[in-house]
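Quick note, the first sequence lines up with residues 1254 to 1813 if you use the working numbering. This report refers to the structure that appears directly beneath it.
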Amino acid sequence: MPDTEKTAPSNFIRAIIEDDLASHKWSGRMATRFPPEPNGYLHYGHAKSICLNFGLARDYGGICHLRFDDTNPEKEEQEYVDAIIDAVRWLGFDWHEHLYFASDYFDRLYEFAKYLIAHGWAYVDSQTADEMRERRGSHIEPGEDSPYRNRSVDENLDLFRRMKAGEFADGVHVLRARIDMASPNFNLRDPVIYRIRHAEHHRTGNKWCIYPLYDYTHCISDALERISHSICTLEFEDHRPLYDWILDRLQPVIGWHPQQIEFARLNLTYVVLSKRKLIGLVEQGYVDGWDDPRLPTLIGARRRGYTAAGFRLFTDRIGVAKADSWIDMSVLEECMREDLNLVAERRIAVLNPVRLIIDNYPADRDELCHAPNHPLKHELGTRDVVLTRELWIERDDYMESPSKGYFRLFPGNRVRLRYAYVVECTGAEYDEHGGLIAVHCNYLPDTKSGTPGSDSVKAKGNIHWLSTTHAADAEVRLYDRLFNVPHPGADGRDYLLDLNPDSRQIISARIEPALMQAAAEQNFQFERHGYFVADRVDSRPDKPVFNRTVGLKDTWVKSA
RNA sequence: AGGGGAGUCGCCAAGUGGUAAGGCAUCGGAUUUUGAUUCCGACAUUCGCAGGUUCGAUCCCUGCCUCCCCUGCCA
């Protein structure tokens, strides 16, 4: 991480940490964790959490663990573990040796459960799931105690041991915390902490047939790792009393009790971040897979050309608080532009070509023009582009009858061919259907960029171009937002109805030869268009494929 | 017998009994061989509403309104 990266502004979590550090509350320790469940791909919302947890550790001289919350063998897979590790690393963070799995704690979790049973704080319930639900009560009435709630410690211990030994089928018994069936907080109405699942776990194989649940596992994992600040999203606020209840009981044997702090999860316009909806998009083929550049997954973002630094900037910019809020997609896009503007080398591509013929330029002439690779970083040098009599220019850089304020090519107007000469437009040719075939112009010989006096002739317009004899072809994928409304699926509408049918357009573009050797994942700015990246999956040297990451801001189309 | 949270500029978001940071967006203007970038300037007499306490309230008290979360053997 560059030192130049500014740290985030003050927020309530930083205030808590600063107080704790000042009061030496955690013996000076500062440790956070990012605790994904390996049951899917990480999305933009996770990026907020990752940047928050790792960023806090970085800024306060602490550490951030990467811990997989892998307590549900039926949903979790190694493939996801690997993808998550890649994604966190890609975002620029390092957990050093602190890579953990809740499943590594299964033995201790089991012992702690026996401790709870021995103290009368947990019991084996033998009701069916339906019976448990019926007795759970509701918002206006308390729950009823299970008929098994007062089994003896010995019987509970025996039953629990036999659950572990595999003597019972799935669902026959569960271990529950004995708290309060009348609590207004449902999480305290004797929550289940262990269930029987005869399923193979991606890490522990068939060693276990009982698996602990989240509420029981998470707090203990945090405590065992000596986490100081356990940061999670708002929906876990109601779980905090349970988190505290368990660690209070286990205080004598664990001796550490992290503080759970909740923040508002990310809501972003023009995308969906719910796992269910993302799965729907992938499985029903609306996108090409989990790494489709239009999907708000981190693997998709990476393929689209979004940068890790852009995500970090985004996280700092949106802040963190407890109020539900919606961030507009344009904020994320602007963060990407901001980073890309600094790092992306400039190149030329003509996406929608039409011929420009310089009538007074010799047909046999090849002239080198020098284009800087970056306007702000001269140390990045220049490259040569060849000027010839016949060029490709953008179709919309010519207007037969210019609208008000238009200052590109139209009969009688002058524009500068970027890095080359000023030309004066003389007219255009059309086919029998009125389609534009070619634009004609004459160049002004004394105006070549970089030569003395080249600025004597002023031209407000400045257009990019490529020699028709030297340009190469490349596939370019123009990505746009996946949905065309800010809140897909709002008010109960089917979110698929809000899909943007033009979220991807694949075209064949003209590119400058220097682009032919683009390395996978190399970011560029195609001048006057936007930021593009060589596709990390399909791009090949000599056969590059570019994805549009995000367009440049354009105050002209906005006013038009 | 309900419980837990949240409401400060268009979007985020600090702040806190002493008279509303910052960012983004927007609008002006300058610079510019990208209609980009950069730069400069403008941008909440007001903090969900109504009362109260106080010399003084966004902050404390009371009442109300709106929004979000909670009855998986998911996380």
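Just so it is clear, CB atoms sit at the ideal spot from N, CA and C, and this is done for glycine as well. Remember, predicted model here, so these are calculated numbers, not experimental data.
Cβ shell of residue i (< 8 Å), same chain only, five flanking positions each side left out
{"i": "residue 1503", "result": "1365, 1368, 1369, 1473 and 1476"}
{"i": "residue 1725", "result": "1763, 1764, 1765, 1766, 1768 and 1769"}
{"i": "residue 1698", "result": "1674"}
{"i": "residue 1401", "result": "1376, 1377, 1378, 1379 and 1380"}
{"i": "residue 1576", "result": "1517"}
{"i": "residue 1778", "result": "1593, 1594, 1597, 1598, 1599, 1600, 1784, 1785 and 1805"}
{"i": "residue 1491", "result": "1438, 1439 and 1440"}
{"i": "residue 1421", "result": "1415 and 1449"}
{"i": "residue 1498", "result": "1430, 1432 and 1441"}
N-terminal and C-terminal residue of the beta strand (DSSP E) that residue i is part of
{"i": "residue 1378", "result": "1375 to 1378"}
{"i": "residue 1680", "result": "1675 to 1683"}
{"i": "residue 1517", "result": "From DSSP, residue 1517 is part of no beta strand (DSSP E); its letter is neither H nor E."}
{"i": "residue 1714", "result": "1714 to 1716"}
{"i": "residue 1787", "result": "1783 to 1787"}
{"i": "residue 1276", "result": "Premise fails: residue 1276 lies in the alpha helix (DSSP H), 1265 to 1276, not in any beta strand (DSSP E)."}
{"i": "residue 1779", "result": "1776 to 1779"}
{"i": "residue 1359", "result": "Residue 1359 -> not in any beta strand (DSSP E); alpha helix (DSSP H) instead, spanning 1359 to 1371."}
Per DSSP, the bridge partner or partners of residue i
{"i": "residue 1731", "result": "1758"}
{"i": "residue 1429", "result": "1376 and 1445"}
{"i": "residue 1317", "result": "1285"}
{"i": "residue 1414", "result": "Residue 1414 pairs with nothing; no bridge assigned."}
{"i": "residue 1696", "result": "1676"}
{"i": "residue 1800", "result": "1730 and 1786"}
{"i": "residue 1602", "result": "1764"}
{"i": "residue 1481", "result": "DSSP, once it has assigned bridges, lists no residue as partnering residue 1481."}
{"i": "residue 1720", "result": "1644"}
{"i": "residue 1637", "result": "1623"}
{"i": "residue 1458", "result": "1454"}
{"i": "residue 1793", "result": "1796"}
6 Å Cβ shell around residue i - same chain, five flanking residues per side excluded
{"i": "residue 1809", "result": "none"}
{"i": "residue 1315", "result": "1283 and 1284"}
{"i": "residue 1563", "result": "1588, 1589 and 1592"}
{"i": "residue 1616", "result": "1642"}
{"i": "residue 1756", "result": "1547, 1733 and 1735"}
{"i": "residue 1714", "result": "1660, 1661 and 1668"}
{"i": "residue 1463", "result": "1416, 1417, 1447 and 1449"}
{"i": "residue 1805", "result": "1783"}
{"i": "residue 1816", "result": "This structure cannot speak to residue 1816, because the chain is shown only from 1254 to 1813."}
{"i": "residue 1500", "result": "1472, 1476 and 1510"}
Assumed close pair residue i, residue j - CB separation to whole angstroms, cut-off 8 Å
{"i": "residue 1425", "j": "residue 1445", "result": "In fact, because the Cβ distance is near 13 Å, the residues do not count as touching under 8 Å."}
{"i": "residue 1470", "j": "residue 1362", "result": "6 Å"}
{"i": "residue 1431", "j": "residue 1373", "result": "7 Å"}
{"i": "residue 1602", "j": "residue 1782", "result": "7 Å"}
{"i": "residue 1351", "j": "residue 1318", "result": "4 Å"}
{"i": "residue 1530", "j": "residue 1748", "result": "6 Å"}
Contacting residues, own chain, Cβ-Cβ under 7 Å from residue i (five flanking each side not counted)
{"i": "residue 1461", "result": "1359 and 1454"}
{"i": "residue 1561", "result": "1343, 1344 and 1345"}
{"i": "residue 1681", "result": "1651, 1653, 1689, 1691, 1692 and 1693"}
{"i": "residue 1412", "result": "1377 and 1426"}
{"i": "residue 1337", "result": "1289, 1291 and 1295"}
{"i": "residue 1263", "result": "none"}
{"i": "residue 1817", "result": "With the chain covering 1254 to 1813 only, the question about residue 1817 has no answer from this structure."}
{"i": "residue 1627", "result": "1598, 1599 and 1633"}
{"i": "residue 1705", "result": "none"}
{"i": "residue 1701", "result": "1673, 1674 and 1707"}
{"i": "residue 1479", "result": "1282, 1284 and 1509"}
Limits of the alpha helix (DSSP H) - the one that residue i falls within
{"i": "residue 1645", "result": "Note, residue 1645: premise wrong, no alpha helix (DSSP H); beta strand (DSSP E) at 1643 to 1647."}
{"i": "residue 1342", "result": "1331 to 1343"}
{"i": "residue 1299", "result": "1297 to 1312"}
{"i": "residue 1666", "result": "It is not in any alpha helix (DSSP H) - residue 1666 carries neither H nor E in the DSSP assignment."}
{"i": "residue 1817", "result": "Nothing can be reported for residue 1817, as the shown portion of the chain is limited to 1254 through 1813."}
{"i": "residue 1476", "result": "1467 to 1477"}
{"i": "residue 1536", "result": "1528 to 1536"}
{"i": "residue 1494", "result": "1493 to 1507"}
{"i": "residue 1566", "result": "1561 to 1571"}
Heavy atom of the ligand NAP within 6 Å of residue i beta-carbon
{"i": "residue 1766", "result": "What this structure holds is no ligand at all, so the ligand NAP is not there to describe."}
Check: For the region 1298 to 1315 against the region 1336 to 1350, are there 3 or more C-beta pairs whose distance is under 8 Å?
Finding: With a cut-off of 8 Å, the region 1336 to 1350 and the region 1298 to 1315 count as touching, because enough Cβ pairs lie within range.
Notebook entry, point to check: Contact between the region 1639 to 1657 and the region 1614 to 1624: three or more CB pairs below 8 Å?
Noted result: Here the region 1639 to 1657 makes contact with the region 1614 to 1624; the two share three or more CB pairs at distances below 8 Å.
Margin query: Would you call the region 1519 to 1539 in contact with the region 1395 to 1415, where contact means no fewer than 3 C-beta pairs closer than 8 Å?
Written below: The way I'd put it, the region 1519 to 1539 doesn't touch the region 1395 to 1415; fewer than three beta-carbon pairs between them come closer than 8 Å.
Next item on the list: State whether the region 1480 to 1491 contacts the region 1510 to 1517, with contact taken as three or more CB pairs (one from each stretch) at a distance under 8 Å.
Entry: Touching, yes.
Check: Counting Cβ pairs, one atom from each stretch, are 3 or more of them under 8 Å apart for the region 1290 to 1297 and the region 1313 to 1329?
Finding: As far as the Cβ criterion goes, the region 1290 to 1297 touches the region 1313 to 1329, which means the pair count is three or higher.
Margin query: Taking 8 Å as the cut-off, does the region 1727 to 1736 touch the region 1787 to 1802 (at least 3 CB pairs, one atom from each stretch)?
Written below: Yes, the region 1787 to 1802 touches the region 1727 to 1736.
Next item on the list: Check whether the region 1545 to 1552 touches the region 1601 to 1608, counting contact only when three or more Cβ pairs, one atom from each stretch, lie closer than 8 Å.
Entry: Cβ pair count under 8 Å is below three, so no.
Check: Are three or more beta carbon pairs between the region 1740 to 1754 and the region 1519 to 1527 nearer than 8 Å?
Finding: As far as the Cβ criterion goes, the region 1740 to 1754 touches the region 1519 to 1527, which means the pair count is three or higher.
Notebook entry, point to check: Do the region 1351 to 1358 and the region 1316 to 1325 touch if we need at least three Cβ pairs shorter than 8 Å?
Noted result: Under the Cβ criterion (8 Å, minimum of three pairs), the region 1351 to 1358 counts as touching the region 1316 to 1325.
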